[in-house]
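Participant: The structure is given below, and queries will be raised subsequently.
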Amino acid sequence: MRSLPMATFLLRRLLGAIVTLLVLSVIVYGLFYLLPTDPARMICGPRCSPQDVAAVSRAYGLDQPIYVQYWHFLAAIVAGRDYSTGPSTVHCGAPCFGYSFETGQSVDSLLLSALPVTASLTLGGAVLWTTFGVGAGIASALRRGRLADKTLTGLVLASTALPPFVLALFLILLFCAYLQWLPFPNYVSIGDDPVQWAQSLILPWATLALLQAANYARLTRTSVLETLNEDHIRTARAYGLSERRIVARHALRGALTPLVSLLAVDVGPVLGGAVFTESVFGLPGLGKLLVGSVATVDLPVVGAVALLAGAFVILANVAADLLYVAIDPRASIR
Amino acid sequence: MTNTPPVDLAPGPAKPAPPEPILSVNGLTIEFPGRGRGAETATVRAVDELSFELAPGGALGIVGESGSGKSATALALLGLHRGTPARVTGEITVDGTAIHTATDQEIRRLRGSRIAMVFQDPLSSLDPYYSVGDQIAEVYRAHTGAGRRAARDRAIEVLDRVGIAEAARRVDARPHEFSGGMRQRALIAMALACEPRVLVADEPTTALDVTVQAQILDLLSDLRADTGMALVLVTHDFGVVAAVADDVLVMKEGRAVEHGPATRILSRPEAPYTKTLISAVPRIDTPRPARGAPSTDVLLRVEQLHKHFPAPGGFALRRLPALRAVDGASLEVRRGEALGIVGESGSGKTTLARMMVSLLEPTSGRIVFDGEDLTALPERRLRPSRRDRQMVFQDPVASLNPRRTVGESVAEPLRAHGERDEQSIRRTVRQLLEKVGLETAHYDRFPHEFSGGQRQRIGIARALVLRPKLVVCDEPVSALDVTTQAQVIRLLADLREQLGLTLVFVSHDLAVVRQVSDRVVVMRHGQVVESADAETLYTNPRHPYTRTLLDAVPVPDPVLARERRAQRKTRALAQQRLEPRLT
Amino acid sequence: MRTRISTSHPRTSHPLRVTALSIAAVSVGAVLAGCSSTSSRSSASSAFSAANCKGGTLTVLEQGSLSEFDPARLYTSGGGQIPALFFRALTTRDRVPGAAGDTVVPDLATDTGEPSQNATVWTYHLKPGLKYQDGTAITSADIKYAVERTFDAQLAGGPPYLRDWLVGGDTYQGPYKDPKGLSSIETPDADTIVFHLRKSEGGFPYLAAMTQFAPVPKAKDTGTQYADNPVSSGPYQFAGYTPKKQLELVRNKYWSASTDSQRLACPDKIDIQSGLDATVINQRLAAGVGADKYAITTDTSIGPTQLAQLTGNKALASRVITGAFAETVYLAFNTKKAPFDNQLVREALSYAVDRQAVVNAVGGSSLATAATTFLPNQSALGYHPYDYFPAGASGDAAKAKQILAQAGYPNGISVTLNYENTDDDGDGPAVATALQAAYAQAGIHVKLAPTGTDSDAFRAVVGDTANEPGLSLNTWGADWPSGAPFLTPIFDGREIVQGGGNFNLAQYNDAAVNARIDQINQITDNTAAQQQWGDLDAQLGKLALTVPLYFPKNLTLFGPGVKNVYLSEWRGTYDIAVVSVK
Amino acid sequence: MSTTALTAAAEASQEPASAAPTGPRALWRTLRRDRAAMAGLVVVAALVLLALGAPLWTAIEGQNPYAYHDNLLNSALGGAPLGSFGGIGGAHWLGVEPQTGRDLFARIAYGAQVSLAVSIGATLLQVLLGVGVGLAAGLGGRFADALLGRAIDLAIAFPYLIFGIALLAVVPASFPRPVLLVVVMAVLGWGGTARISRAQTLSLRTRDYVAAARLGGSSTARIARREILPGLAAPVITYAALLLPANMVLEAGFSFLGIGVRPPTSSWGQILSTATTWYYADPTYVIVPCIVLFASVFGFVLLGEGVRKALDPRAANGSG
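Protein chains in written order, with our numbering: chain A, 175 to 508; chain B, 6 to 588; chain C, 519 to 1100; chain D, 57 to 376.
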């Protein structure tokens, strides 16, 4: 296997990602154009006359052909765009996703305010699910075939059978309503109060962890068992290394490497918005932003979140590849 | 397993005061519980009542075909079956420690320090995540309690000892940055780190090219001479044994068939099995019985053929230099002859073979088959000539679709060519199966029910079903045991005779090629280095590379092997190290 | 989870679903044991003293509410709940318990307006000493400017009355494009503002309570970005704002209680959290732990699933305010479309309706009252009870079949029902399905046609006269507690809007009725006017232009530490401007 | 969930060429020894029986899923069922729905039809699309592979909820909803199967037996059909077995968001989305559908896991 220089690889993946994102944005734009709802009417309110709607349509450029609107959308991302606020004009610097039809807020600021929430949710959740999943997987592998292993396997399978919205609601009911161990989730940003931040995210994290840890436990188990069967483990044994050292230093290193890539791949979509978890826990993250803006045909927001979510998935995949190459010396970039 | 340590460690014929053996094995039996269902759960006895001894500084070669239990024996010497389902009985004593009764702790202290092991595949046997030096140092520290620095110094020292140039720099390299030969050297260095009394080498050179193999074998011999450690060499190759071992133990189905000095067994084997085995070994120094006058009619001509594999990538700004797998090769195949193509790994011989049958399209150059220029023909035009050129593949496992019966696999080309008469298809295939030495009833069986040799026969049947003019065999026997190898080679020769086939025989094994070919082509770096009729090439090679290759081939003759080693040493001193560094 | 409290922000919720006025204190007795608004009021107010209520932080838990704070774009009734904390208009609703809560009182102005020329000219004078949060004085020019900027297309979203009523309002493009301004608004001096209307509008003082009449200083106007940090004229100002998520309000030191008799402004700080799930809000209010002890909500009612928690928990039940706002959920017929051009068919559907099933579908008798009139059962709107097509609790299938046969459909009839595809507003799939099941028994086969995933998408289809479906499920609420805004858009033939945005879904146009409406609008005696509206409703009811289904009710929880909580009749729940946490 | 299945299938695709062929009979033989898989199969079979026999069971019960029963509800308490345990009794085996009084057993039985039909339909279509695209990408030229590979990336990167919500809103109401759900879910979810099929095709096409078939004169289509497709079966079946429960959850999710099947058609997601708020007033109404959904999905997961183990040679090597 021959390897490509890193820069070329990155460039190639980047170009590919841009093409994918372009297609994605075209589809999102096209679909929403097909929707029966007229955004101008939504902005204008229910008691608007057709003349009012037409005026709003003009003011927001919604009377232009779809491809012109799309072009403006793209151009603003690359070069920024000037917007009239009425009395004056503001420049929205690149990458500019425009202004929400619904709140009149700059989409960039909406994204910036939603992103930390989703990031908090994702990163904390990822830490939790990785810890639990990998821990359980290792324990299961080292106790292969015993009761602990079988119990773990069963639990792992059971948790994959739970729909996220049911799981999330049950957690709230159990811990907030019945046991009252935790206050009802109410997101507080980490800058305001780290303790409350963590407290407000415990259940969302747990939800993500329960949904994902299963996968990791199973993969860890398989991977550890497989690595323990590898030749170099036999070598380590043949050279008198202690079993603990073999597991800790040689088996886990190799077994957990593929999981790092998997983690990157999994984090991508969650970063793009864990729609159900965010909805049920009322976390004002990207997923909630998305669902809300889809319902109100807030096209600038939908377009931006879709692009961002898509970008996260794609970037996560690139990151996974890079991590794989960085961690596994045998791999080369294809 | 018995709890009483053996009182008498040296049974057997009385000899004049033999030194206390460093290794003794007595009544070793290894059984693997059968896996799977119902009737298949019978235990497999891999090693059956095996006993042998090894004097300090001695060298024992354990030879056997696959499934003979030789590797299981090697693992047992280090107690490596512990913790696995394998059941080990009998007694093994290494340097005074009874492996069969020792605690895990004792065994662990023993491993790597007094008895060390080198494995077949050096790449997978090293942890890819840590540098070679780290791994050696780790072993050293585990047994000596040395400090970090001291361990690292020791690693450099042993790497230097096994001939890794610039060991101080290479010590931090990770295994994949080493070539195959260097990896095996590194593994040997790891074994040397604690100066063990016994080194067990399990097929240490099987994965290596012939020139590298020679170097590694030389290294093992040198080390043994220098350090006085005893050597157990497990191999399927009598040539390898001849190069290194003093004594030989021949195993078959878990039992020792014959045991004695190498010189005696290799020249005057007593057991019938040993005889068969040795006679099956293709000898590079034995000329092939001459055949009829060679034809001059060219069936296939290859002119200035190139095959460059592009560096992968769609949008790359700067194209990487392409991999020139075949780089301007020209040769001709004459009607009715058997042409051998020899080369080490990476020489481009397989790529060339695949281009000959149009499985790969050449980057440039011409292929003329039976008067027709095939270059750049579209697939549709190519198809008629395809049936005249067939191939036998190296891996008998991968070349048969595991999900189809062998009969169907053989019949597939007929069906693809529009044959619809079910009766006639079955008849043709059955006849062919018989012809390659199988039974007609095998038609409805699946590939996994067959042995490697049988599968290769199926592959041959499939190649013949369309009655081709040319059959290209790509390493057809290299995955097979030596006796099977001989049978398949004989089959190919017979078929060629019967059907008037033209044969191209691609192999890394110069001895095998000599057994088969009328003419031989030597390839290196994608180019034809030398091309001559077999007799000339083997007795009077002109190109230095051909000579190096021929010198490196292990011969199952200890005396000759010793001579060769001396020769190589002189040449190596002159040439420095010529091991190419693979990426 | 249904929620059913009026919200005072535009577009995302029903702007029309705003609180109305009822003259009777609590028209419907509290159903739940120990849960009457009277008892809760007395227990809450016992320890309250307006003189000594200042301090603390009030937490507000909302589902929506925080998406828009431009006074031009807000669509509120009486200035809304949260917006009223920092926007003062010319008038406002009276924040007293009981029937008076439905009346309009002066806010920035010295009175509720002086009508002249048959109520076509309205004059207001500002109180002295009014200041913005930056200390500058509030002038009548600022109010004129504020009203003018509502005409800019980029600030669209508010109610249509300014456009329809002000002279020149139909063509004016707003001060950015037309800086000359709107000549029908005069500011003879800094304290006086005069509005010239195209026709008599006795209800102008109600309109003047909307945020469109809150002053905007021209120098601070940032157009579409004004909503991010509007200049306060009320007791609180923005301290931190993330749309749809969080708003923190702190005291505006330039506000003076001496000019504002309506807002008590007790808490020092108000922390509003939005985007919460209704269940979570109610659970947090019920638990009342930590900061939630001092929490309220302005947009979330107890849902049917939580009613059981109130029974047997007197302490909790005492923390519930029960009210209703003027709103009707009804079936609308398009009388221009067969078979609904046939009054008999409309009557058959009126007879067959199972109001019990509908009420159950939206949460049962505690949360909804079966309706047989179009005007809600509040005397502030001149409620005049009638039931011309008695269906009983569960529908009169036999009678319906008989009428259908008379109408020429002896074998039943197939109709399509369009409705909003969400149950959030109480007029979605749950009600439609209940109707379908009941109608089936009367031989009326209903095909369900969910239309749009929210009210705006639904309106876009239903409000388009040319393509209006024959039968649709709708909600209608009053912009202020009066029959005028409740009946006019629905039954005035001149209100039929072509090309989208129509609410006269029957497309009913009767010159006599139109004239009657004009006549009532000239009446300046509110009580007399409401009586007339009620009679008009009773007259229209005979035509079976709609099938009234139910009037929603609110059960609103508040935290155990919140005081001075009482029902504001206008809004159908308690008022944020008067509660205290001390 | 999708990554679970992806990785599981990737595991299954690492099949050594020497493995015994895995026909349906061999698969069944292995499965029969797997107690967990058999338990899953029993649950799945029960589910299928419940769904197929819904009209029969409800006829025996004497109910139908659409009839309202105002008289069984306590209107003042939000329309909660009268009687204990959600009104469970001889007439209503699992009680009635709050606010409507419809028979819960009938709703669940008919809901099973929707859940099963949609998830099975979607899975089949996803597999069909995925295998088609994967094969085409794997066997087509460089250009086709690049293009289709990009399409696969796109399908996987697409935020499916936006697409789902938008698509479900665009299509006219007259289009049959379950069919639409199947199509939407297939359009959203074919990427995984395609990726696996493509990878497996790329790996299989380098096998010598494919080369041999080409030498034997087989056309690309014939090679795809005779040599590649059978090799895709194991990983794809494994993937599909885990995709199916995932689709079941997704269908419930769409209904939960209010964009699933339309009333009065019953669906588990719909029941769940209203049921979850009734935990206090009517726990039976929450517990029953939750158990049914959980058991069904778990049944499929167990069965899928069994299939995976049966088809995954590495699992057979003792790691399972």
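We treat Cβ as the ideally placed atom computed from N, Cα and C, and that holds for glycine.
Here the structure is a predicted model, which means the values were calculated and not measured.
So which residues of chain C does D/Trp10 contact, with C-beta pairs closer than 8 Å?
Facilitator: The requested residue 10 of chain D does not occur in the structure, where chain D is confined to residues 57 to 376.
Participant: Return helix, strand or coil for B/Gly66, following the three-state DSSP convention.
Facilitator: In this structure, B/Gly66 counts as strand in the three-state DSSP scheme.
Participant: Would you mind sorting C/Asp620 into buried or exposed? The rule is 16 or more other CB atoms within 10 Å of its CB.
Facilitator: Result: buried.
Participant: Would you kindly check if the distance between the Cβ of C/Thr934 and the Cβ of C/Gln599 is under 8 Å?
Facilitator: No, Cβ-Cβ distance for C/Gln599 and C/Thr934 is not below 8 Å.
Participant: Can you give me the C-alpha to C-alpha distance between B/Thr507 and B/Val415, rounded to a whole angstrom?
Facilitator: Distance between the alpha carbons of B/Thr507 and B/Val415: 20 Å.
Participant: At the 8 Å Cβ level, is A/Pro337 part of the contact set with chain D, yes or no?
Facilitator: Interface residue, yes.
Participant: Please report the distance separating the alpha-carbon of A/Ala380 from that of D/Leu217.
Facilitator: Approximately 22 Å between the Cα atoms of the pair.
Participant: Please list, in chain order, all residues of the same chain as B/Arg339 whose beta carbon is under 7 Å from its beta carbon, the five residues on each side excluded.
Facilitator: Pro299, Ser300, Thr301, Asp302, Val303, Leu304, listed in sequence order.
Participant: Measuring CB atoms only, is the stretch 610 to 630 of chain C touching the stretch 720 to 735 of chain C, in the sense that at least three cross pairs come out at less than 8 Å?
Facilitator: Yes, since at least three Cβ pairs between the stretch 610 to 630 of chain C and the stretch 720 to 735 of chain C fall closer than 8 Å, the two stretches touch.
Participant: Counting only C-beta atoms, is C/Glu938 closer than 8 Å to chain A at any point?
Facilitator: Chain A contact via Cβ: absent.
Participant: Please state whether DSSP places C/Thr818 in a helix, a strand or coil.
Facilitator: It is coil, neither helix nor strand.
Participant: For B/Leu504, which residues in chain A fall below 9 Å Cβ to Cβ?
Facilitator: The contacting residues do not exist; B/Leu504 stays about 40 Å from chain A at best.
Participant: Enumerate in chain order the residues of its own chain whose CB-to-CB distance from B/Arg146 is below 7 Å, with the five nearest sequence positions on each side excluded.
Facilitator: Excluding sequence neighbours, B/Arg146 sits near Ala156.
Participant: Step through the CB atoms of chain D and report whether any lies within less than 8 Å of the CB of A/Val308.
Facilitator: Judged by the 8 Å Cβ criterion, A/Val308 is not in contact with chain D.
Participant: Provide the residue span of the alpha helix (DSSP H) that contains A/Glu400, from first to last.
Facilitator: Taken as a continuous stretch (DSSP letters only), the alpha helix (DSSP H) holding A/Glu400 covers 368 to 402.
Participant: Is A/Asp440 helix, strand or coil when you go by DSSP?
Facilitator: The answer is helix: DSSP assigns A/Asp440 an H, G or I state.
Participant: Among B/Ala121, B/Asp126, B/Gln125, which residue has its Cα nearest to the Cα of B/Ile141?
Facilitator: Cα-wise, what sits closest to B/Ile141 is B/Ala121.
Participant: Taking just the CA atoms, how far does D/Glu283 sit from D/Pro273?
Facilitator: Checking the displayed sequence, the identity of residue 273 of chain D turns out to be Gly instead of Pro. Straight-line Cα distance between these residues: approximately 13 Å.
Participant: Looking at D/Thr249: is its Cβ nearer than 8 Å to the Cβ of D/Gly177?
Facilitator: No, Cβ-Cβ distance for D/Thr249 and D/Gly177 is not below 8 Å.
Participant: What does A/Asp226 touch in chain C if you count any residue whose Cβ is under 9 Å from its own?
Facilitator: What A/Asp226 touches in chain C: Ala671, Ala674, Pro678, Arg681, Gly1019.
Participant: Can you give the Cα-Cα distance for A/Gly428 and B/Ala191, rounded to whole angstroms?
Facilitator: Roughly 20 Å separates the two Cα atoms.
Participant: Using CA coordinates, which residue listed in A/Gly298, A/Gly278, A/Leu347 is at the minimum distance from A/Ile217?
Facilitator: Ranking A/Gly298, A/Gly278, A/Leu347 by Cα distance to A/Ile217 puts A/Gly278 first.
Participant: The beta strand (DSSP E) that contains C/Asn1072, what's its start and end?
Facilitator: C/Asn1072 -> beta strand (DSSP E) spans 1072 to 1075.
Participant: Answer with buried or exposed for C/Lys855, where buried requires no fewer than 16 other C-beta atoms within 10 angstroms of its C-beta.
Facilitator: The residue is exposed, with fewer than 16 neighbouring Cβ atoms inside 10 Å.
Participant: Is C/Asp905 near the ligand NAD, judged by its Cβ being under 7 Å from some heavy atom?
Facilitator: Within the structure as shown, the ligand NAD is missing, as the structure has no ligands at all.
Participant: Got a sec, what are the start and stop residues for the beta strand (DSSP E) B/Leu508 sits in?
Facilitator: Element bounds for B/Leu508: 507 to 512.
Participant: Quick check: D/Gly194 and D/Leu258, are their CB atoms within less than 8 Å of each other?
Facilitator: Yes; because the gap between Cβ atoms is below 8 Å, this pair is in contact.
Participant: For D/Val226, count the other beta carbons within 10 Å of its own beta carbon; 16 or more makes it buried, fewer makes it exposed. Which is it?
Facilitator: D/Val226 is exposed by the Cβ-count criterion.
Participant: Have a look at C/Gln743 and A/Leu286 and give me their C-alpha separation to the nearest angstrom.
Facilitator: Roughly 17 Å between the two C-alpha positions.
Participant: Within 10 Å of its beta-carbon, does A/His265 have 16 or more other beta-carbons around it, so buried, or fewer, so exposed?
Facilitator: Counting Cβ neighbours within 10 Å, A/His265 comes out exposed, since fewer than 16 surround it.
Participant: Buried or exposed: where does C/Arg873 fall if 16 or more other Cβ atoms within 10 Å of its Cβ makes it buried?
Facilitator: By the neighbour-count rule (16 or more Cβ atoms within 10 Å), C/Arg873 is buried.
Participant: Please report how far the alpha carbon of C/Asn860 lies from the alpha carbon of C/Leu1058, in whole angstroms.
Facilitator: Whole-angstrom Cα-Cα distance: 16 Å.
Participant: Show which residues of chain C have a CB atom less than 9 Å away from the CB atom of D/Thr156.
Facilitator: Within 9 Å Cβ-Cβ: Ala875, Asn878, Ala879, Ala948, Thr951, Ala952, Ala955.
Participant: For the beta strand (DSSP E) containing B/Arg157, name the first residue and the last one.
Facilitator: It is not in any beta strand (DSSP E) - B/Arg157 instead sits in the alpha helix (DSSP H) that spans 153 to 166.
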